[in-house]
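Visitor:
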Amino acid sequence: MIRSKENSEHYHWGQQCSGWHLVKSEQLSVIEELMPPNTSEKKHFHEHAQQFFRILKGIATFALEHETVQVPAGQGIHIPPKTKHQIRNDQQENLEFLVISQPTTNGDRIEIESK
């Protein structure tokens, strides 16, 4: 089946962020997400899932275990299992990206408490 945001399951998360499940299975998850300006998710990691974030529009800021990196549109970043990470949109425009997880992150997210 051809998938798009228009024919995929939509959900809200975080601070007015949106996601659309383009592929949703136990072995693979592909989600298109939109983060408004100045929003972020909570820092976390996944025990089993690896993820690849492909930036479609804007510049993503990733807080990783020991560094912070910016990933512009047209580029991506691989997050191996057990890697602490957080994505932020520090820009003044919407951030749009694909997040591909293998296997799914459903039930495999461990949030890190803020200090």
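Under the UniProt record's numbering, the residues of the sequence shown are numbered 1 to 115, in order.
From the three backbone atoms N, C-alpha and C, an ideal C-beta is built for every residue, glycine too.
Remember, it's a predicted structure, so these values are computed and weren't measured experimentally.
Considering R88, what are the terminal residues of the beta strand (DSSP E) in which it resides?
Guide: Taking the first residue of the sequence shown as 1, we reach residue 88 at position 88. From DSSP, the beta strand (DSSP E) with R88 extends over 85–89.
Visitor: When the Cα atoms are used, what is the spatial distance from H10 to C17?
Guide: Here residue 10 refers to the residue found at position 10 of the sequence shown. Here residue 17 refers to the residue found at position 17 of the sequence shown. Distance between the alpha carbons of H10 and C17: 11 Å.
Visitor: Here's a check: name, in chain order, each residue in its chain whose Cβ is nearer than 7 Å to the Cβ of R109, leaving out the five neighbours to either side.
Guide: Counted from its first residue, the sequence shown places residue 109 at position 109. So the qualifying residues of the chain are H44, H46.
Visitor: Where do the N-terminal and C-terminal ends of the beta strand (DSSP E) with G19 fall, by residue?
Guide: Within the sequence shown, numbered from 1, the residue matching residue 19 stands at position 19. 17–24 is the extent of the beta strand (DSSP E) around G19.
Visitor: Taking only three categories from DSSP, how would you classify K82?
Guide: The residue given as residue 82 occupies position 82 in the sequence shown. K82 falls in the coil class under three-state DSSP.
Visitor: Consult DSSP for residue 140 and reduce its assignment to one of helix, strand or coil.
Guide: For the chain, the structure presents residues 1 to 115; residue 140 sits outside this window and is missing.
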